[in-house]
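Worksheet: the structure to be examined is printed underneath.
Protein chains: 2
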Amino acid sequence: MFVNKMPRYEILSEDAVATLDSGWRRLITEIGVEFMDQRALDLFAQAGQKVEDNTVFLDPDFVLEQVAKAPREFDIQARNPEHSVHIGGDSMAFGAVYGPPFVREGEVRRDATMADFRNFTKLAQSFDALDSAGGVICEPNDTPLDSRHLDMIYALQTLTDKIYMGNVVSGTNAADTVKMTEILFGSRESIEQTPATISLINCNSPLRWDDRMLEAQFEYSAANQPVVLTPFLLMGAMSPVTIPAALVQQITEALSGIALSQLIRPGAPVVFGSFLSNINMQSGSPTFGTPESGIGLLCTGQIARHFGLPFRTGGGLTSSQVADAQAGYEALMTMLPTFLAGANWVMHSAGWLEGGLVAGYEKFIVDAEILQMLQHEFTPLEIDEASMAFDAHQEVGHGGHFLGAMHTMERFRTCFYRPFLSSSDNYERWMRNGSADTNARAGAIWKQRLEDYEQPPLDDAVRAELEEYVVRRRAELGD
Amino acid sequence: MFVNKMPRYEILSEDAVATLDSGWRRLITEIGVEFMDQRALDLFAQAGQKVEDNTVFLDPDFVLEQVAKAPREFDIQARNPEHSVHIGGDSMAFGAVYGPPFVREGEVRRDATMADFRNFTKLAQSFDALDSAGGVICEPNDTPLDSRHLDMIYALQTLTDKIYMGNVVSGTNAADTVKMTEILFGSRESIEQTPATISLINCNSPLRWDDRMLEAQFEYSAANQPVVLTPFLLMGAMSPVTIPAALVQQITEALSGIALSQLIRPGAPVVFGSFLSNINMQSGSPTFGTPESGIGLLCTGQIARHFGLPFRTGGGLTSSQVADAQAGYEALMTMLPTFLAGANWVMHSAGWLEGGLVAGYEKFIVDAEILQMLQHEFTPLEIDEASMAFDAHQEVGHGGHFLGAMHTMERFRTCFYRPFLSSSDNYERWMRNGSADTNARAGAIWKQRLEDYEQPPLDDAVRAELEEYVVRRRAELGD
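See the structure below:
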């Protein structure tokens, strides 16, 4: 996995952080946070917090005490140990897009299917830059609603040997995820000792945690599986239109959710989540890759470090319908700050299109290229005598060229990042090759990748047990 | 003009800077730099530097003494004082693409013409984010070779009221630029007091300054017009393949040119130039928007500040043939680090396509959007009580939305960057509107911009004098 040893780009002054601190302290105390689950309310009440109806008015110092119980960093094991990841510190782990009900391949946009889900899972397996296929890469609309989580988890477990995300549609689905993870990793003990899945718990912002998400959080935190407590903030809709207000709300929501995890199981691994962008105030539609989201992202990293928590933000977000110029610059407008901030867990790293409604095959390839480029870029330079190449200048002299220099010959294979999508063909060659733009080239690449895909090996007995579980549970769920 | 009050992103340690310092000192002393102009050689010899044939072996401390004579910051006046720019410090000034012999509009790629030159000049005038149309926005191939510089300067002077770049094809062309600038600004004194043009002096890297560029440099520096001394480094061809070597060579070349300007006229304004990317080692073709160029760019800013010099780098570079996803991400892959580094003079900020061989109409629009977004993004947050919007939370409560909140109503027009190219239309609306991708939408925008263009007013007598100069000189040049 990628470890980001470059400096962090921090833009908040100490004063600014102190002001934001005063902001969330007031918000969490005076407005409080709604938890739509009686167990959560009981836990907070037992811990001495003021509870009225569904609202918990939290003491900020109590919240910080809970936050301090969470690990600053932790591991998630993959069934292929080489693909295990570390969450926190300088580590950055990347998962594919999460949640789209639709897919786009070339000119066609349509409902996503289980076949698409499997395809994207295979694509995620095939790119080293991705640490995970994620969870709901796309919604498999052609499978029964109540049991499709079983199909998704099974696909993630068998088509990749990377870490995967748990289902959060209900407590039942979360429990199934945990059970199947126990099967894959041999025992409950194994996954309690080193977590083997990570799950997204979204806030129903502003300031409300909904029942189904909380059910899932209870399951995962009890099993010591990390949860990503994520305020879902499109400024102008789910938060005020000013970035500082969004940051204050984000802290309030994330820390309140993290505090709950610590009440469920002290020391349970958590991630400070952020999904922060803005709407278009003229049309009301969500926008991504915006200047505001870039700023929010940089601030989020600094804030998470302020609380000593690993954090999730970023991705290859865009509002664009297709993998065009806007998709390219908006994705990078999110992903480059993601690296500058050093985000630890990055969802939506590949395939996000149309504001997250669409998983795009071509966009997946564009994003994989961007991700690889940035992983290359955020690798510190080695500056020493050999790298300054005085000998090459002696060899080449004034006005010459370095193509054949010894210094070049020794390094030419690995000296530069080698793109697999970007073209630097000259015009004549590009025309000869069919004048394919990036979208068209990406279309050829994902098809080839799927052809070349090789399923990672899995013990037959384990596979059989997983299949048995899926069949049994599907029957129990009535699908 | 834009002033970048955000922090700089610096990635070189003190040790690394010291190592690079030892590198350029050795290179400039032992390998030296070629100057293909007798006047330059004479100036260096008179100043006590060792000269053999065309090579000057420079004493690094002598070079630093010369560099110290250059102003750290300076102004360039535009004929509309509101468009005057400051070069250096936190200021960032942006010019359009420079040099392409071809243009692309939509599907058509063809030789550039004077009509294209005028169109791009008008487009540059129409975007506030651009401080200059630049110089050779495209090569007007349908005008006579020896006098086309007159047509270009005249167009820049009359179709925009922003600063413009001088012609550098020869000393004669430079002298014409200076003369026409004297006419536009009333006198030689006026432009010597506050420069009114800026010119690009490219090095014939490695380590050679060619005769025609030097002729132009002599003209401009003698007239106190700023020159941008720019090593032209495509790593693997004009420099070794390692970034530290490229940085060392860049320092050597830029400082040697800057030293010459100070010998021509002590205190002459100069800019530390950088044009640093790499070739594809498999094909030999130049590549842009690469990880290596991004790293080089960040280092360049830090190095220029180390020498107390304003610097030029960055732009919206790409190898792509068309304004597609690659063009979008490569342009931003260059432009975002340009802002992180705080480059003072940014050429190629709009319209660069196909490795600089093509001025793209659609790409111009894409780049203008990127530029506006980044100018918005790199504006520091104001964090105070009002921006934290506690009142809005009191009004909205848990699970509500902020669309109609008072705090929103007071700010909705200006709270977010408003794109003019990026679309966040939903699928149905996008389809209804003709399912135009970004390239297609950009095509409509540049045509509309040209229709809406209004020529900035100019005194009739000045215009007549400029025209008279162009007619006379064209005759003298035999065209």
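First to last, the sequence lines map onto chains A and B.
When we follow the numbering used here, the leftmost residue of the first sequence carries the number 1, and every step to the right adds one.
When we follow the numbering used here, the leftmost residue of the second sequence carries the number 1001, and every step to the right adds one.
Ideal placement from N, C-alpha and C gives every residue a C-beta, glycine not left out.
Query                                                                                                                                     : Result
Close beta carbons around Met-114(A), own chain, < 7 angstroms, minus the five adjacent residues each side                                : Pro-140, Asp-142, Thr-143, Asp-151
Inter-residue Cα distance where the pair is Ala-1237(B) and Leu-1012(B)                                                                   : 25 angstroms
Alpha-carbon to alpha-carbon, Gly-356(A) and Phe-1062(B)                                                                                  : 59 angstroms
Contact with chain B by Asn-278(A), beta-carbon distance below 7 angstroms                                                                : yes
Contacts of Leu-1332(B) in chain A (Cβ-Cβ under 7 angstroms)                                                                              : Tyr-329, Leu-332, Met-333
Coarse secondary structure for Leu-1357(B), derived from DSSP in three states                                                             : coil
Counterpart residues of Arg-1110(B) in DSSP-defined beta bridges                                                                          : Val-1103(B)
Residue-level contact to chain B via CB, Leu-233(A), 7 angstroms cutoff                                                                   : no
For Trp-1352(B), the residue or residues it bridges with in DSSP                                                                          : Ala-1359(B)
DSSP beta-bridge partners of Lys-1050(B)                                                                                                  : Phe-1057(B)
First and last residue of the uninterrupted alpha helix (DSSP H) at Met-36(A)                                                             : That residue, Met-36(A), is in no alpha helix (DSSP H); it is neither H nor E in DSSP.
Rounded separation between Val-1108(B) and Met-431(A) - CA only                                                                           : 12 angstroms
Cβ neighbours of Asn-280(A) in the same chain (closer than 6 angstroms, five flanking residues each side left out)                        : Thr-287
Segment contact, 8 angstroms Cβ cut-off, at least three pairs: the region 1413 to 1422 of chain B with the region 290 to 299 of chain A   : yes
Residues sharing a beta bridge with Phe-74(A), DSSP                                                                                       : Ile-87(A)
Interface residues of chain C facing Phe-1412(B) [CB-CB closer than 9 angstroms]                                                          : The chain inventory of the structure shown lacks chain C, comprising the protein chains A and B.
Under 7 angstroms from the C-beta of Asp-479(A): neighbouring residues of chain B                                                         : Under the 7 angstroms cutoff, chain B gives no residues; its nearest Cβ is about 29 angstroms from Asp-479(A).
Among Pro-81(A), Arg-305(A), Thr-334(A), Leu-123(A), the one whose alpha carbon lies nearest that of Gly-88(A)                            : Arg-305(A)
From Gln-321(A), Trp-345(A), Thr-242(A), Ala-223(A), residue whose alpha carbon lies closest to that of Val-271(A)                        : Trp-345(A)
DSSP state of Ser-261(A) mapped onto helix, strand, coil                                                                                  : helix
Assumed close pair Ser-199(A), Phe-232(A) - CB separation to whole angstroms, cut-off 8 angstroms                                         : Incorrect: roughly 15 angstroms between the Cβ atoms, too far for contact.
Length-filtered (3 minimum) beta strand (DSSP E) runs lying within the region 1205 to 1272 of chain B                                     : 1227 to 1230, 1232 to 1235
Cross-chain neighbours of Ala-1405(B) in chain A, by beta carbon under 8 angstroms                                                        : Pro-240
Coil, strand or helix - Asp-15(A) by DSSP                                                                                                 : helix
Collapsed DSSP secondary structure at Phe-94(A) in the structure displayed                                                                : strand
Element boundaries [alpha helix (DSSP H), containing Leu-159(A)]                                                                          : 148 to 159
Contact list for Asp-437(A) against chain B, beta-carbon separation under 7 angstroms                                                     : Val-1322, Asp-1324
Below-7 angstroms beta-carbon distance, Cys-1203(B) vs any chain A residue                                                                : no
Buried/exposed call for Met-180(A), threshold 16 Cβ in 10 Å                                                                               : buried
Selection of the region 1462 to 1476 of chain B by Cβ proximity to chain A, strictly under 9 angstroms                                    : none
Same chain only: Cβ atoms within 8 angstroms of Gly-1399(B), ignoring 5 sequence neighbours per side                                      : none
Chain-order list of residues whose beta-carbon lies under 6 angstroms from that of Phe-1127(B) (same chain, five-residue window excluded) : Ala-1368
The beta strand (DSSP E) enclosing Ser-1277(B), as first and last residue numbers                                                         : 1275 to 1279
Backbone secondary structure at Val-1396(B) - three-state DSSP                                                                            : helix
According to DSSP, residues forming a beta bridge with Val-1169(B)                                                                        : The partner list for Val-1169(B) (beta bridge, DSSP) is empty, contrary to what the question assumes.
Boundaries (first-last residue) of the beta strand (DSSP E) holding Ile-28(A)                                                             : From DSSP, Ile-28(A) is part of no beta strand (DSSP E); its letter is neither H nor E.
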